[in-house]
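Peer 1: Heads up, the sequence shown is in my numbering, so the first residue is 471 and it goes up one at a time.
For glycine and all other residues, C-beta sits at the position ideal for the given N, C-alpha and C.
Here the structure is a predicted model, which means the values were calculated and not measured.
The structure is given below, and queries will be raised subsequently.
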Amino acid sequence: MRKLTLGVCMAALLTAGAASAQETVKLGYIDPLSGGGASVGEGGLKTFNWIADEINAQGGLLGKKIEILPLDDKTNPQEAVVQAQKAIDAG
471 MRKLTLGVCM AALLTAGAAS AQETVKLGYI DPLSGGGASV GEGGLKTFNW IADEINAQGG
531 LLGKKIEILP LDDKTNPQEA VVQAQKAIDA G
C-alpha cells in the first residue's frame, strides 16, 4: 500500500506543471476504501485530507488549492490500475 501511495504522490508531483492552469491541484488517493482493507485506506485518506486542509489554510500549493480525489482499489492490483486511469482522466 505504501508503495502505491508513494507512486500516486510522485505522479501527482510530476504532473503538477499540467495543473498550473487550473484553480485547484487534484491529487488522487488510491487505496482500499471498502472491504477488509478499508480501515487502513480510510485512515490514510483522513491523513491526506488533513494535510491538504493544512496546506490550503496557508495559501495552497503555489497559490492553488489542493483537492484530494479518493479512489477505491478494493485491495485489488488490477482495480488500482483502473482507478489510476480514472485519476489521470479527472485531471
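Taking L541 as the reference, give the member of L515, G533 and L531 with the closest Cα.
Peer 2: Here residue 541 refers to the residue found at position 71 when the sequence shown is read from its first residue. Out of L515, G533 and L531, L515 has the C-alpha closest to the C-alpha of L541.
Peer 1: For the putative contact between A560 and I500, defined by C-beta atoms under 8 Å, what is the C-beta separation to the nearest angstrom?
Peer 2: Mapped onto the sequence shown, residue 560 falls at position 90. Mapped onto the sequence shown, residue 500 falls at position 30. With 8 Å as the limit, A560 and I500 do not qualify as a contact, their Cβ atoms being about 12 Å apart.
Peer 1: Smallest Cα separation from A522: which of E537, G513 and S509?
Peer 2: By 1-based counting over the sequence shown, the position of residue 522 is 52. Measuring from the Cα of A522, the nearest candidate turns out to be E537.
Peer 1: Let me know the secondary structure DSSP gives A532 once reduced to three states.
Peer 2: Taking the sequence shown and counting its residues from 1, the one referred to as residue 532 is at position 62. For the record, residue 532 in the displayed sequence is Leu; it is not Ala. Coil, per DSSP.
Peer 1: Taking K544 and S504 to be in contact with their CB atoms under 8 Å, please state how far apart those CB atoms are, rounded to whole angstroms.
Peer 2: What you label residue 544 is simply residue 74 of the sequence shown in a count that begins at 1. What you label residue 504 is simply residue 34 of the sequence shown in a count that begins at 1. Contact holds; Cβ gap of about 6 Å.
Peer 1: DSSP three-state label for L515, please.
Peer 2: Numbered from 1 along the sequence shown, position 45 holds the residue referred to as residue 515. Helix.
Peer 1: Kindly indicate which residue of P547, L539 and N546 has the alpha-carbon position closest to the one of K556.
Peer 2: Position 86 of the sequence shown holds residue 556. Closest option to K556, Cα to Cα, is L539.
Peer 1: Let me know if L497 comes out buried or exposed under the rule of 16 or more other beta-carbons within 10 Å of its beta-carbon.
Peer 2: If you number the sequence shown from 1, residue 497 lands on position 27. L497 is buried by the Cβ-count criterion.
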